[in-house]
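What follows is a single structure, written as structure tokens, with notes after it.
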Amino acid sequence: HMSSADGFDGTGDAPWKPDDPTAPRNAFGRTKLAGEAAIRDAGGPHVILRTSWVFSAHGDNFLTAVLRQSRQQEPLEFDIEDISAPTPGFDLARACLISAERLLEDRTLSGTYHYQGAPCVSRVDFAREILDQAGIDRDVVEKRHKRPESIPARNGRLDCTRADTDLGMRQPDWRRGISFILDDLGLLKRT
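Mapping of the sequence shown onto this note's numbering: residues 1 to 191, in sequence order.
Encoded structure:
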């Protein structure tokens, strides 16, 4: 079952562990946690994978949005305070297969795991990396969104140690994922 870092409240700067208390700040996070609860309540062996910032060559995601916005005249603006780790969709698909195989081998591995790319980064630096690899010269502006004091900067860092230790799933380098995708789209800058 796929879930999200949005189940946490986004405070602090330490990576969230699978057993940390959840406190979603929005409907998306609440519905993801409801899905997790339904899986657990079903009573069978399961793997719940929490992830963040999934991107791919297709669909509406951060990478495709940055490429689309780069065709406009205005500079791209992103919140410098939102920190997480982008996760290539194809690596997440492979993680699903690995976790299913491991669960078939050992049902005691049933539980909640975190899986995201590495290293952690701001959306600003994520956008800059996409543009750099595509050879697009476009300004990316660091912005701090006005937030009520009750809503801190968004920490989407996940501690993926358990997925690595128990399931053998190492965090992929999201920068390499960008290269594969841009190459597939014929947009990778050749040096």
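The C-beta atom is built at its ideal place from N, Cα and C for all residues, glycine as well.
| Query | Result |
| --- | --- |
| Which value, in whole angstroms, describes the spacing of the CA atoms of Arg175 and Leu188? | 12 Å |
| What three-state label does DSSP hand Arg25 in the structure shown? | coil |
| Does the beta-carbon distance from Ile83 to Val124 come in below 7 Å? | no |
| Starting from Arg50, trace the beta strand (DSSP E) both ways and give me its first and last residue. | 47-51 |
| Is it buried or exposed for Leu97, if we count other Cβ within 10 angstroms and need 16 for buried? | exposed |
| Would you say Thr87 and Gln116 are within 7 Å of each other, going by their C-beta atoms? | yes |
| For a test of the three-state rule: what should DSSP assign to Gly117, helix, strand or coil? | coil |
| Where does Lys32 fall in DSSP's three states? | helix |
| Between the Cα of Asn26 and those of Asp9, Lys17, Pro18, spot the shortest distance and give me the residue it belongs to. | Asp9 |
| Using the rule of at least 16 other Cβ atoms within 10 Å of the residue's Cβ for burial, across every protein chain shown, is Thr108 buried or exposed? | exposed |
| Just tell me which of Tyr113, Gln72, Asp137, Glu74 has its CA closest to the CA of Arg170. | Tyr113 |
| Indicate whether Leu158 and Pro15 have their beta-carbon atoms separated by less than 7 Å. | yes |
| On a CA-only basis, which of Asp183, Thr191, Gly186, Ile178 is nearest Asp91? Give me that one, please. | Ile178 |
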